[in-house]
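*Asks:*
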Ligand code: AMP
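In my numbering, the protein residues as written are 93 to 353.
Following this line, the structure appears as structure tokens:
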């Protein structure tokens, strides 16, 4: 398998305003090619259903821009303390506890990266929106820019399966590729197949944080399912099986949508 297409998220955080024009412009390492009908997709689903993995596979397949707010926060956590803004430091504290970062901070960060949303190759949003407030802000921006969401993919999986997946998940500290200790192990234990980086367990994949994240999901994110259902955008996907099986199911759903359009 090819190394996943990666956006340089650390760089995004380094420019003062993440603008795309100035000297400190925050640029993606990979800019998606222009498409006639770009896919603009939101991924929903509880933590651990495999959204990150599907986002990587879909990014490769559809050539869109992959924006993961969780990855951006994790990249911020790697900056030197003195380079972290007070809002970013506060956001990282919420994240370490497994709680949601406040909407104002999240929206500020997404708005600074609106070039990811408005690019002509489309986007795949992974981990955003996560509250009704964020969903409304996104809808307003899309309406203002006269572009629309193509589909909201809702990945569904029973809770016991989710907990098993989360506790075995290992992420490459360098390229962020995702593995699983038993289901999708690397060729060499604890070493990334793609770049040789160390594979680590995320701080918030520890049991105490998992419970808090599940509660945050039920309380804040699950209502988005109804929100997008009402807008006629929801596409439920069974998240059982291997990543490639889930991808095949996803592509099937997207193709049917395209035929209906
Ligand atoms: P994820 O990698 O998407 O599971 O995100 C990891 C953590 O980052 C979450 O548990 C939250 O603390 C924070 N986070 C990421 N995206 C959001 C968001 N859209 N709204 C609030 N908090 C977020």
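Where a beta carbon is used, it is the ideal one built from N, C-alpha and C, also for glycine.
Output the boundary residues of the beta strand (DSSP E) element that contains residue 270.
*Replies:* First-last of the beta strand (DSSP E) with residue 270: 270 to 272.
*Asks:* Which term fits residue 211, buried or exposed, when burial requires 16 or more other beta carbons within 10 angstroms of its beta carbon?
*Replies:* Looking at its Cβ environment, which holds 16 or more other Cβ atoms inside 10 Å, residue 211 is buried.
*Asks:* Of the choices 175, 350, 345, 339, whose alpha-carbon is the least far from that of residue 145?
*Replies:* For residue 145, the nearest C-alpha among the options comes from 339.
*Asks:* Where DSSP assigns a beta bridge to residue 248, which residues make up the other side?
*Replies:* Bridge partners of residue 248: 330.
*Asks:* With distance defined between alpha-carbon atoms, name the residue in 124, 143, 265 nearest to residue 249.
*Replies:* The option with the nearest alpha carbon to residue 249 is 143.
*Asks:* State the CB to CB distance for the pair residue 139 and residue 276, rounded to an integer number of angstroms; the pair is presumed to be in contact (CB under 8 Å).
*Replies:* Going by Cβ atoms, the distance from residue 139 to residue 276 rounds to 17 Å, so no, they are not a contact pair.
*Asks:* Ignore the nearest five residues each way along the sequence and tell me which others in residue 265's own chain have a CB closer than 7 Å to its CB.
*Replies:* Result list for residue 265: 289, 290, 292, in chain order.
*Asks:* Using a threshold of 7 Å, is the CB atom of residue 161 nearer than that to any non-hydrogen atom of ligand 1?
*Replies:* Checking every heavy atom of ligand 1 against the Cβ of residue 161, one is found closer than 7 Å.
*Asks:* What runs of the alpha helix (DSSP H), each 4 residues or longer, lie entirely inside the stretch 150 to 230?
*Replies:* Listed in chain order, they are 161 to 169, 178 to 189, 195 to 204, 206 to 210.
*Asks:* Take the Cβ of residue 268 as the centre, count every other Cβ of all protein chains shown within 10 Å, and call the residue buried at 16 or more, exposed below.
*Replies:* Residue 268 should be labelled buried.
*Asks:* Name the two residues that bound the continuous alpha helix (DSSP H) containing residue 349.
*Replies:* 335 to 352 is the span of the alpha helix (DSSP H), which, as asked, contains residue 349.
*Asks:* With a threshold of 7 Å, establish whether the CB of residue 187 neighbours any heavy atom of ligand 1.
*Replies:* Checking the Cβ of residue 187 against ligand 1 gives yes.
*Asks:* Rounded to whole angstroms, what is the Cα-Cα separation between residue 194 and residue 183?
*Replies:* Cα-Cα distance, rounded: 7 Å.
*Asks:* Round the Cβ separation of residue 263 and residue 222 to the nearest angstrom and send it over; I've been treating them as touching at under 8 Å.
*Replies:* Going by Cβ atoms, the distance from residue 263 to residue 222 rounds to 19 Å, so no, they are not a contact pair.
*Asks:* Give me, in chain order, the residues of the same chain whose beta-carbon lies closer than 6 Å to that of residue 274; leave out the 5 immediate sequence neighbours on both sides.
*Replies:* Closer than 6 Å at the Cβ level, and outside the excluded window around residue 274, lie 260.
*Asks:* Rounded to whole angstroms, what is the Cα-Cα separation between residue 141 and residue 297?
*Replies:* Cα-Cα distance, rounded: 13 Å.
*Asks:* On the three-pair Cβ rule with 8 Å, is the stretch 314 to 330 touching the stretch 154 to 167?
*Replies:* Because the criterion of three Cβ pairs below 8 Å is not met, the stretch 314 to 330 and the stretch 154 to 167 do not touch.
*Asks:* Does ligand 1 have even one heavy atom less than 7 Å from the beta-carbon of residue 190?
*Replies:* Flag set: Cβ of residue 190 near ligand 1.
*Asks:* By the three-class DSSP mapping on this structure, what secondary structure does residue 314 have?
*Replies:* It is coil, neither helix nor strand.
*Asks:* Please state if the CB of residue 343 and the CB of residue 153 are separated by a distance shorter than 8 Å.
*Replies:* Cβ distance < 8 Å, so residue 153 and residue 343 count as in contact.
*Asks:* Which residues mark the beginning and the end of the alpha helix (DSSP H) in which residue 305 is found?
*Replies:* 299 to 308 is the span of the alpha helix (DSSP H), which, as asked, contains residue 305.
*Asks:* Helix or strand or just coil, what does DSSP make of residue 254?
*Replies:* Residue 254: helix per DSSP, three-state reduction.
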